[in-house]
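Worksheet: one structure, shown below.
2 protein chains.
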Amino acid sequence: MLKKYLLSPGPTPVPEEVMLEMAKPMIHHRTPQFSKIFSNVREKLKPLFGTKEDVLILAGSGTAAMEASIVNTMSPGDKILVVNAGKFGKRWIDIAQSYGVLVESIELAWGRSVTAAQIEEKLISHPEIKGVFVQASETSTTVYHPVKEIAEIVKLRENTIFVVDGITSVGVYETKMDEWGIDILVTGSQKAFMLPPGLAFIALSEKAWKFVETSKNPRFYLDLKKERKAQNNDTTAYTPAVSLVIGLSKVLELMEKEGLKSIYNRHQVCADATREAAKALGFRLLAQDIPSNAATGIIMPEDFDGQKFVKSMRDDSGITFAGGQDHMKGKIVRISHLGYHDFMDTIIAVSAFEMGVKKAGLDIELGAGVAAAEKIIIDHI
Amino acid sequence: MLKKYLLSPGPTPVPEEVMLEMAKPMIHHRTPQFSKIFSNVREKLKPLFGTKEDVLILAGSGTAAMEASIVNTMSPGDKILVVNAGKFGKRWIDIAQSYGVLVESIELAWGRSVTAAQIEEKLISHPEIKGVFVQASETSTTVYHPVKEIAEIVKLRENTIFVVDGITSVGVYETKMDEWGIDILVTGSQKAFMLPPGLAFIALSEKAWKFVETSKNPRFYLDLKKERKAQNNDTTAYTPAVSLVIGLSKVLELMEKEGLKSIYNRHQVCADATREAAKALGFRLLAQDIPSNAATGIIMPEDFDGQKFVKSMRDDSGITFAGGQDHMKGKIVRISHLGYHDFMDTIIAVSAFEMGVKKAGLDIELGAGVAAAEKIIIDHI
Numbered sequence: 001m002l003k004k005y006l007l008s009p010g011p012t013p014v015p016e017e018v019m020l021e022m023a024k025p026m027i028h029h030r031t032p033q034f035s036k037i038f039s040n041v042r043e044k045l046k047p048l049f050g051t052k053e054d055v056l057i058l059a060g061s062g063t064a065a066m067e068a069s070i071v072n073t074m075s076p077g078d079k080i081l082v083v084n085a086g087k088f089g090k091r092w093i094d095i096a097q098s099y100g101v102l103v104e105s106i107e108l109a110w111g112r113s114v115t116a117a118q119i120e121e122k123l124i125s126h127p128e129i130k131g132v133f134v135q136a137s138e139t140s141t142t143v144y145h146p147v148k149e150i151a152e153i154v155k156l157r158e159n160t161i162f163v164v165d166g167i168t169s170v171g172v173y174e175t176k177m178d179e180w181g182i183d184i185l186v187t188g189s190q191k192a193f194m195l196p197p198g199l200a201f202i203a204l205s206e207k208a209w210k211f212v213e214t215s216k217n218p219r220f221y222l223d224l225k226k227e228r229k230a231q232n233n234d235t236t237a238y239t240p241a242v243s244l245v246i247g248l249s250k251v252l253e254l255m256e257k258e259g260l261k262s263i264y265n266r267h268q269v270c271a272d273a274t275r276e277a278a279k280a281l282g283f284r285l286l287a288q289d290i291p292s293n294a295a296t297g298i299i300m301p302e303d304f305d306g307q308k309f310v311k312s313m314r315d316d317s318g319i320t321f322a323g324g325q326d327h328m329k330g331k332i333v334r335i336s337h338l339g340y341h342d343f344m345d346t347i348i349a350v351s352a353f354e355m356g357v358k359k360a361g362l363d364i365e366l367g368a369g370v371a372a373a374e375k376i377i378i379d380h381i
Numbered sequence: 001m002l003k004k005y006l007l008s009p010g011p012t013p014v015p016e017e018v019m020l021e022m023a024k025p026m027i028h029h030r031t032p033q034f035s036k037i038f039s040n041v042r043e044k045l046k047p048l049f050g051t052k053e054d055v056l057i058l059a060g061s062g063t064a065a066m067e068a069s070i071v072n073t074m075s076p077g078d079k080i081l082v083v084n085a086g087k088f089g090k091r092w093i094d095i096a097q098s099y100g101v102l103v104e105s106i107e108l109a110w111g112r113s114v115t116a117a118q119i120e121e122k123l124i125s126h127p128e129i130k131g132v133f134v135q136a137s138e139t140s141t142t143v144y145h146p147v148k149e150i151a152e153i154v155k156l157r158e159n160t161i162f163v164v165d166g167i168t169s170v171g172v173y174e175t176k177m178d179e180w181g182i183d184i185l186v187t188g189s190q191k192a193f194m195l196p197p198g199l200a201f202i203a204l205s206e207k208a209w210k211f212v213e214t215s216k217n218p219r220f221y222l223d224l225k226k227e228r229k230a231q232n233n234d235t236t237a238y239t240p241a242v243s244l245v246i247g248l249s250k251v252l253e254l255m256e257k258e259g260l261k262s263i264y265n266r267h268q269v270c271a272d273a274t275r276e277a278a279k280a281l282g283f284r285l286l287a288q289d290i291p292s293n294a295a296t297g298i299i300m301p302e303d304f305d306g307q308k309f310v311k312s313m314r315d316d317s318g319i320t321f322a323g324g325q326d327h328m329k330g331k332i333v334r335i336s337h338l339g340y341h342d343f344m345d346t347i348i349a350v351s352a353f354e355m356g357v358k359k360a361g362l363d364i365e366l367g368a369g370v371a372a373a374e375k376i377i378i379d380h381i
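What follows is the structure, given as structure tokens:
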């Protein structure tokens with residue numbers, strides 16, 4: 001028997017009852033039956049976004065929604081500010097450049113969080129900046145950027161919108177899009193939403209919708225104005241990913257039952273426990289300033305082959321951690337706290353990690369990580 | 001008890017064993033396990049496309065692949081020829097215009113098929129045309145366009161590519177992309193492929209890949225060159241729709257077992273039987289020239305409310321037919337033959353149709369449709 005444990009920051013495990021819901025007979029998408037489900041899930045997404053605005057559902061991965069946020073609001077020659085502090089920060093730049101949008105960037109070492117002051121400085125020296133693009137949680141570095149504080153800076157500027165990639169923050173952290181002043185918030189299905197990948201969600205503020213009116217970049221499949229019109233009629237511009245929307249309906253029912261406060265707290269506790277465990281075992285965390293509650297990145301010793309470790313844990317022990325991406329390949333191990341993941345999953349993760357690194361030759365004390373994790377978790381079970 | 005029968009041309013029913021395959025625990029997409037499945041399905045898609053070229057899998061609906069075929073090959077100011085003979089023909093025009101691509105069109109009444117001669121005439125009078133865009137099967141009109149014959153015309157022109165929307169033809173008809181000379185062929189998951197919507201497939205000829213090199217339209221999520229590079233390394237540029245790819249793997253296993261010849265024949269027989277049934281009941285078909293084997297469109301009498309009929313069949317009897325789209329709303333009923341649909345499903349469709357129209361007040365002979373269908377089907381069971 002080789003039980004499998006999916007502990008990577010997306011895709012995350014899907015609850016059995018959600019999988020079975022998606023396994024029900026297919027229904028047609030142009031029916032009152034589907035429209036009812038669709039309108040219901042769009043409504044239930046709003047508290048997770050902290051918005052009264054329309055939340056749109058797209059058939060595509062999170063990158064599609066990131067692209068949508070640029071092509072619907074910016075024109076060739078416009079300038080945006082990007083926080084480039086990881087793989088997904090870099091993606092904003094790549095998308096913008098594909099569409100002739102100019103990029104001013106704040107380059108940070110992987111592991112650092114941006115500060116609101118750094119953003120403000122750039123906005124003062126480059127008043128032409130039309131959009132500030134940031135990850136709330138940068139999955140590649142397991143870092144959180146202070147989006148609430150940044151929003152306070154950006155919302156004072158009439159001609160600048162604040163765009164947040166919430167792919168691993170919505171459903172992990174309380175997010176108050178309207179109150180804080182986030183203008184565009186995007187997320188995907190395969191993280192805190194406990195679904196397979198294939199859906200993306202996006203919401204725009206009134207201010208952002210005004211940018212849509214003047215944006216000259218071409219778009220068709222990702223045309224948000226057309227989608228809004230269709231979705232506010234309880235349908236979609238193009239064929240939706242029906243089974244995933246039905247899964248979403250079940251997921252949102254589960255999330256409502258658990259309660260958002262409890263969900264955010266669960267992520268906090270699992271993250272805290274994992275971080276304390278790593279430190280108790282003598283490791284350093286990649287996140288220097290504000291570690292993300294979506295996943296914990298652990299720096300491996302210089303002579304340790306992190307890639308081989310992740311591979312062997314997966315193939316020999318059924319434990320899927322994530323390694324590092326791009327230049328961090330082999331140098332870190334990332335452990336997820338996302339979605340369908342409870343306190344005992346964190347114990348599994350920590351225990352598997354400490355046994356794994358011990359077997360791989362590191363001199364650590366077996367049980368020290370688990371003990372540290374238990375000290376955090378015990379107050380919450 | 002209200003058993004449900006999904007008889008609309010997409011989404012189509014998903015086989016139980018495929019739904020259960022997709023309900024298995026989620027796996028990570030950056031693993032040898034997923035790569036093996038992914039490379040295997042890409043290989044197995046080739047015979048369905050009739051190609052040795054790379055078939056790419058996108059997370060999105062068929063429209064995303066249609067858009068990809070334009071933005072990756074055409075530049076603003078280029079001119080294309082579109083056969084506008086239905087809702088999806090019109091979509092080529094809308095996409096092209098969104099990207100500044102000029103459109104010459106052949107406008108046909110809904111129900112008509114284009115001829116290769118009409119295409120040739122346009123290409124002679126407009127030698128600047130860089131692409132010919134057509135539906136093989138136009139789902140809105142249940143018409144087939146003679147793509148093999150059109151390919152023979154287009155392939156003689158070095159500076160023109162032939163782009164085929166095969167969304168309801170791949171898996172329905174034998175398609176020989178390479179031999180016939182189709183340069184781009186696109187399809188989706190929720191038709192003959194018996195899957196939920198959310199995946200699109202696209203293949204390009206060597207000639208089309210050359211167009212990609214010079215095309216100046218912007219693209220990121222739908223950048224096919226980047227996708228090809230990733231997919232030929234058994235991965236994807238962005239997160240794939242994992243559960244649907246796993247479903248595809250099961251579907252392709254089932255299709256291989258049934259045999260492509262048998263699949264194409266099954267669609268032919270179900271379509272023939274439905275058409276003969278409609279005629280025996282005194283109805284006319286919408287398709288004037290070449291009816292499609294994907295679905296049959298039946299013209300309803302002038303004073304008959306087709307929309308009400310489709311609604312009542314669905315809500316009162318559990319039978320989902322499709323009505324007409326756009327200006328054909330209420331005027332036709334469309335019955336699907338696509339995908340997980342066998343001879344007895346056709347009997348159900350015909351019987352439900354004849355009982356339904358009788359109850360709705362039409363003077364037809366009960367059983368006449370089924371008898372006509374049986375006369376076709378009996379030689380194949």
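Chains as they are written, first to last, in the UniProt record's numbering: chain A, 1 to 381; chain B, 1 to 381. C-beta atoms are modelled at their ideal positions from N, C-alpha and C, and glycine is treated no differently.
- V251/A places its beta carbon 7 Å or farther from that of M313/A.
- Shortest Cα-Cα distance from P291/A to any of T31/A, H267/A, S61/A, A349/A involves H267/A.
- Below the 7 Å Cβ cutoff, chain A contributes A59, Y238, T239 as neighbours of S61/B, in chain order.
- Going by DSSP, G131/B is part of the beta strand (DSSP E) stretching over 129-135.
- Distances from the alpha-carbon of G198/A to those of E206/A, T187/A, K207/A, L20/A put T187/A closest.
- I377/A has a beta carbon lying at 7 Å or more from every beta carbon in chain B.
- From the listed residues R30/B, E16/B, R284/B, P25/B, the smallest Cα separation to Q231/B is found for R30/B.
- At least one C-beta of chain B is nearer than 7 Å to the C-beta of L6/A.
- Leaving aside the five residues that flank A192/A on each side, the residues in its chain whose CB is nearer than 6 Å to its CB run, in chain order, G171, V172, L338, G339.
- By the Cβ test, the region 139-159 of chain B is not in contact with the region 93-105 of chain B, since fewer than three Cβ pairs between them sit closer than 8 Å.
- Only R314 from the region 287-316 of chain B bring a Cβ to less than 7 Å from some Cβ of chain A.
- Excluding residues up to 5 positions away in sequence, K87, S140 lie with their Cβ nearer than 6 Å to the Cβ of Q325/A in the same chain.
- Runs of the beta strand (DSSP E) lying entirely within the region 37-118 of chain B and spanning at least 3 residues, in chain order: 55-59, 79-84, 102-107.
- Taking 7 Å as the Cβ-Cβ cut-off, the region 189-205 of chain A approaches chain B at Q190, P196, P197, G198, given in chain order.
- Taking 7 Å as the cut-off, the Cβ atoms of A136/A and G166/A count as close.
- Of all residues in the region 71-87 of chain A, the ones placed with a Cβ closer than 9 Å to any Cβ belonging to chain B are V71, P76, in chain order.
- When DSSP assignments are scanned along the region 265-302 of chain B, the uninterrupted stretches of beta strand (DSSP E) that are 3 or more residues long and fall wholly within it turn out to be 295-299.
- Contact check for D183/A against T51/A fails: the beta carbons are separated by 7 Å or more.
- Under the 10 Å beta carbon count, S125/A is surrounded by fewer than 16 other beta carbons and is classified as exposed.
- Non-local C-beta neighbours of K155/B in its own chain, meaning closer than 6 Å and more than five positions away in sequence, comprise G181, ordered along the chain.
- D94, I95, S98, Y99, G100: these are the residues of the region 87-118 of chain B whose beta carbon lies less than 8 Å from some beta carbon of chain A, given in chain order.
- When the Cα atoms are used, A237/A and N84/B turn out to be separated by approximately 19 Å.
- DSSP places L199/B in the strand class (E or B) of the three-state scheme.
- In the three-state scheme derived from DSSP, where H, G and I count as helix and E and B as strand, V14/A is classed as coil.
- Against chain B, the CB of T320/A has a partner CB under 7 Å away; the residue lies at that interface.
- Straight through space, the alpha carbons of K207/B and V245/B are spaced by roughly 28 Å.
- A residue is called buried when at least 16 other Cβ atoms come within 10 angstroms of its Cβ; D316/A does not meet this threshold and is exposed.
- Between the alpha carbons of P9/A and P196/B lies a distance of about 25 Å.
- Taking 7 Å as the cut-off, the beta carbon of A273/A is found no closer than this to the beta carbon of A116/A.
- In the three-state DSSP reduction, L254/A falls in the helix class (H, G or I).
- Apart from the 5 residues on each side of it in sequence, D78/A sits with its Cβ closer than 8 Å to the Cβ of V101, L102, K130, G131 in its chain, given in chain order.
- Of all alpha-carbon atoms in C270/B, D379/B, Q97/B, the one lying nearest the alpha-carbon of Y221/A is that of Q97/B.
- Put simply, the backbone Cα of V164/A is about 25 Å away from that of I332/A.
- Looking at the DSSP output, G188/B sits in a beta bridge with A200/B.
- When secondary structure is reduced to three states using DSSP, E121/A falls in the helix class.
- Residue environment for I378/B: exposed (fewer than 16 other C-beta atoms within 10 angstroms of its C-beta).
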